[in-house]
Amino acid sequence: MKKIQEVAARVGITEEQLIPYGHYKAKVSPQWDEAKIKQGKLILVTAISPNKAGVGKTTTSVALSMGLNRIGKKSVLALREPSLGPCFGMKGGATGGGYVTVEPSDDINLHFNGDFHAITCANNTLAALVDNHNYFNKGAANGLRQVVWKRVLDVNDRSLRNIITGLDGNGIPTETGFDITPASEIMAIFCLSKDLDDLRRRIDNILVGYTNDKKPMYVRDLNVGGAIVALLRDALMPNLVQDVDGGAAFIHGGPFANIAHGCNSIIATKMALQLGDYAVTEAGFGSDLGAEKFLNIKCRTAGLQPALSVLVATTLSLKLHGGANEKELKLPNMSALQKGMHNLERHLDILKSFGQTVVVAINRHPSDTDDEISYIANWCAERGAKCATHSGFGDGSAGVEELAKLVVSEAENNPSKPIQHTYSLEDSIETKLNSIVTTIYKGKGVSLSKKAQTALKKINEMGLNNLPVCIAKTQYTFSSNADEPSDVKDFTLFVEDLVINTGAGFIVAVCGEMMRMPGLPKEPQAMHIDVVQGEIVGVSEKPPLRATQMMET
């Protein structure tokens, strides 16, 4: 790894801006140049619906940025920070894999520069301040009859989903619960804020509950917004690290795309645009979740316009979508591949509905056959989409030149149209939900539970109809039922609840049995993590041995 000062200097970050956290990590104090931000080309990396075969979206994002730098284009990466919940749960680390990773990967996957701690602390300090207000205002008009602000932790812990607080003699017993930190509204605010002033405005606008006289209470009413911002001040500066080739990478913010809006911070994305000819970023899970929210929420908020979108797929994941046996995915199976193309087509249609130019990126595995790759390429060509393979995992940036050159060609000669949003902000909340379901998910419409209907009535009474919507649902299929197949159509999306996020500036529609505090699997990744001779193992995906290394060992 290069010292972080060298990485910073290569992209024009001054010593005055750089705040090192050891030798290989740093915070960067932004200094803005709007002209340069507008000149940079934003590349969104998204994917087909995830399944057990994996897709490699983060791996492809890192690989593409490395490939662009390799062919002489100045590229800067902008990704989300990993959460400890999935890291110790089902998914493991999230810093790429093989020879296309961001480093120091173990540091990034674990505590990093303390941003998640700061967000967790800010969230829970606010929860304590809300309870304190209630304690000293029991029975008063401005006492809270309903508290809607929950605590958070960056762990997967199903036992904390529903709890009762205030059981001591003088307390106020309250049914509440914990969410995971990436689902916190403060995480969303953190990622959507343009600067400290915007952060303060959004924090002050957080709805914390309803008073005894049925009025909404916001953070500004408690006069504690300044304290919360103080906890977040340093965290709001983006984190600078590097890819394995020494290219600059900003890793900042980490909302999930299934239970939140799934995009890294606006500040980090704009820094990448300002410092590079290309800024490569990703949105969580498939295009139905992360990309939809990236284009309808993040780009709307920040005034961003992607030059194009890269849609990542693998033959293994497509074959699994096509009904192949999970244990036989590495065997040739053209029939399953052909049947699984329905999922790629759905995601291609989603991106085209936004006016996006799309490049399909096949994350190639050693077991892929030339016939399988040719079939996908021809299928894409028939639908007017360009396609390229990459082998970054095993070959590093040398295996990404084809994809990088295609992305440059399309971004320069056939860029995306201005974003065609799925809905207008003037639409009602129900209309917005129906527009997403029919246009993006190919369903028939939505059905609101009694709880959601009550929440919708409150939203209308509070005049919040003009906010965008952020759908929280399963990532595995287009409906709200994770057990339905990935080609499901003509379904009704069941909305269990509508959660008001006035600070973040959107309404969260919680669909089906979606939990904002995940649980751990039967065999969590934590069982495979250890410290051996002072080195952490099992957190980050290490590169495979190359032939020369195998001979040396």
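Residue 114 is where the sequence shown starts when you use the working numbering, and the numbers rise one by one after that. In this text, a Cβ means the ideal position worked out from N, Cα and C, and glycines have one as well.
In the DSSP assignment, the beta strand (DSSP E) including L561 goes from what residue to what residue? Against the sequence shown, residue 561 aligns to sequence position 448. Unbroken beta strand (DSSP E) run through L561: 558–561.
Buried/exposed call for R346, threshold 16 Cβ in 10 Å: The residue labelled residue 346 in the question sits at position 233 within the sequence shown. R346 sits exposed, since fewer than 16 C-beta atoms from the chains shown fall within 10 Å of its C-beta.
Residues of its chain near N579, where Cβ-Cβ distance is below 7 Å and the 5 sequence neighbours each way are ignored: As a position in the sequence shown, residue 579 is number 466, starting the count at 1. For N579, where only same-chain residues beyond five positions count, the Cβ hits under 7 Å are L538, E539.
Three-state secondary structure assigned by DSSP to T661: Residue numbering aside, residue 661 sits at position 548 when the sequence shown is read from its first letter. With a pLDDT of only 36 at T661, under the threshold of 50, the placement of this residue in the model should not be trusted, and no figure is reported.
Buried or exposed for R258, going by 16 or more other Cβ atoms inside 10 Å? In the sequence shown, residue 258 corresponds to position 145, counting from 1. R258 comes out exposed.
Look at the alpha carbon of S218 and the alpha carbon of K138, and state the distance between them as a whole number of angstroms. Numbered from 1 along the sequence shown, position 105 holds the residue referred to as residue 218. Numbered from 1 along the sequence shown, position 25 holds the residue referred to as residue 138. Cα to Cα, S218 sits roughly 11 Å from K138.
G453, enclosing alpha helix (DSSP H) - first and last residue: Locating residue 453 in the sequence shown gives position 340, counting from the first residue. Note, G453: alpha helix (DSSP H), 447–466.
Just the Cα atoms here: how many angstroms apart are G282 and I572? In the sequence shown, counting from the first residue as 1, residue 282 sits at position 169. In the sequence shown, counting from the first residue as 1, residue 572 sits at position 459. Rounded to whole angstroms, the separation of the alpha carbons of I572 and G282 is 36 Å.
Start and end residues, alpha helix (DSSP H) containing A296: In the sequence shown, residue 296 corresponds to position 183, counting from 1. Looking at the DSSP string, A296 is not in any alpha helix (DSSP H), and its letter there is neither H nor E.
Looking at N456 and L431, is the spacing between their C-beta atoms short of 8 Å? Within the sequence shown, numbered from 1, the residue matching residue 431 stands at position 318. Within the sequence shown, numbered from 1, the residue matching residue 456 stands at position 343. Their beta carbons are under 8 Å apart, which means L431 touches N456 by this criterion.
Find the nearest neighbour of Y554 within the set G290, R459, H246, judged by alpha-carbon distance. For this step, residue 554 is matched to residue 441 along the sequence shown. The candidate whose alpha carbon is nearest that of Y554 is R459.
May I ask you to report which of helix, strand or coil DSSP gives T666? Taking the sequence shown and counting its residues from 1, the one referred to as residue 666 is at position 553. Legend: pLDDT at T666 = 30, less than 50; position of this residue unreliable, no value from coordinates given.
State the DSSP-derived secondary structure class of M676, mapped to helix, strand or coil. No answer is possible for residue 676: the residues shown for the chain start at 114 and end at 666.
Buried or exposed (CB count within 10 angstroms, at least 16 for buried), P634: Position 521 of the sequence shown holds residue 634. With fewer than 16 other Cβ atoms from the protein chains shown falling within 10 Å of its own Cβ, P634 counts as exposed.
Considering only the beta carbon of each residue, do L181 and V158 sit closer than 8 Å? Working through the sequence shown from its first residue, we reach residue 181 at position 68. Working through the sequence shown from its first residue, we reach residue 158 at position 45. It is not a contact, given that the beta carbons lie outside the stated cut-off.
Using 10 angstroms around the beta-carbon of V645, count the other beta-carbons present and answer buried if the total reaches 16, otherwise exposed. Residue mapping note: residue 645 aligns to position 532 of the sequence shown, counting from 1. That one is exposed.
By alpha-carbon positions, which one of A498, G556, L192, D462 ends up nearest to N594? Taking the sequence shown and counting its residues from 1, one reaches residue 594 at position 481. N594 has its Cα closest to that of G556, out of A498, G556, L192, D462.
Check the DSSP bridge columns for E439 and list the partner residues they point to. The residue given as residue 439 occupies position 326 in the sequence shown. Looking at the DSSP assignment, E439 forms no beta bridge with any residue, so it has no partner.
For the alpha helix (DSSP H) that L338 lies in, which residues bound it at each end? Within the sequence shown, residue 338 is the residue found at index 225, counting from 1. Note on identity: in this sequence residue 338 is Gly, with Leu being the wrong assignment. Segment 338–345, the alpha helix (DSSP H) holding G338.
H503 - containing beta strand (DSSP E), residue span: Here residue 503 corresponds to residue number 390 of the sequence shown, with the count starting at 1. Taken as a continuous stretch (DSSP letters only), the beta strand (DSSP E) holding H503 covers 499–503.
Could you tell me which of G625, K518, G206 sits nearest to V652, measuring between CA atoms? Mapped onto the sequence shown, residue 652 falls at position 539. If we check each option's Cα against that of V652, G206 comes out closest.
Mark V582 as exposed unless 16 or more other C-beta atoms lie within 10 angstroms of its C-beta, in which case mark it buried. Within the sequence shown, residue 582 is the residue found at index 469, counting from 1. The residue is buried, with at least 16 neighbouring Cβ atoms inside 10 Å.
Between the Cα of A381 and those of M350, A396, S400, D401, spot the shortest distance and give me the residue it belongs to. For the purposes of this step, residue 381 is taken as the residue at position 268 of the sequence shown. Nearest C-alpha to A381: M350.
Which same chain residues end up closer than 8 Å to M384 when comparing Cβ atoms and leaving out the 5 residues on each side of it in sequence? Translated into positions along the sequence shown, residue 384 becomes position 271. Closer than 8 Å at Cβ, skipping near neighbours: V141, P143, V189, A191, P351, F363.
Where does V644 fall in DSSP's three states? To locate residue 644, count along the sequence shown from 1; it is residue 531. V644: strand per DSSP, three-state reduction.
Residues that DSSP places opposite R264 in a beta bridge: As a position in the sequence shown, residue 264 is number 151, starting the count at 1. R264 is bridged to F291.
So G515 is in the alpha helix (DSSP H); what residue range does that whole segment cover? Numbered from its first residue, the sequence shown carries residue 515 at position 402. Before going on, a small fix: residue 515 reads as Glu here, not Gly. From DSSP, the alpha helix (DSSP H) with E515 extends over 514–526.
Of the residues A122, Q118, L155, the one placed nearest P133, counting alpha carbons only: As a working mapping, residue 133 is identified with position 20 in the sequence shown. Minimum Cα distance to P133 is reached at Q118.
Element boundaries [beta strand (DSSP E), containing C412]: In the sequence shown, residue 412 corresponds to position 299, counting from 1. Unbroken run through C412 is the alpha helix (DSSP H), 412–415; no beta strand (DSSP E).
Does the beta-carbon distance from A411 to H374 come in below 8 Å? Stepping through the sequence shown from its first residue, residue 411 is reached at position 298. Stepping through the sequence shown from its first residue, residue 374 is reached at position 261. It should be pointed out that residue 411 corresponds to Lys in this sequence rather than to Ala. For the 8 Å CB-CB criterion, K411 and H374 form a contact.
Alpha-carbon spacing of A343 relative to L305, whole angstroms: Residue mapping note: residue 343 aligns to position 230 of the sequence shown, counting from 1. Residue mapping note: residue 305 aligns to position 192 of the sequence shown, counting from 1. C-alpha separation (whole angstroms): 17 Å.
Opposite A253 in the DSSP bridges: which residues? Taking the first residue of the sequence shown as 1, we reach residue 253 at position 140. Beta-bridge pairing links A253 to no other residue.
Nearest residue (CA-CA) to A474, options L444, D484, E514, K443: Translated into positions along the sequence shown, residue 474 becomes position 361. Between A474 and the set L444, D484, E514, K443, the nearest pair of CA atoms involves E514.
Do you know how far the Cα of G647 is from the Cα of S422? Position 309 of the sequence shown, counted from the start, is the residue given in the question as residue 422. Position 534 of the sequence shown, counted from the start, is the residue given in the question as residue 647. Taking the straight line from one Cα to the other gives about 41 Å.
Cβ atoms of A524 and K154: under 8 Å apart, would you say? Stepping through the sequence shown from its first residue, residue 154 is reached at position 41. Stepping through the sequence shown from its first residue, residue 524 is reached at position 411. Cβ atoms of K154 and A524: closer than 8 Å.
Please classify F249 as buried or exposed, where buried requires at least 16 neighbouring CB atoms within 10 angstroms. Along the sequence shown, one-based indexing puts residue 249 at 136. Looking at its Cβ environment, which holds fewer than 16 other Cβ atoms inside 10 Å, F249 is exposed.
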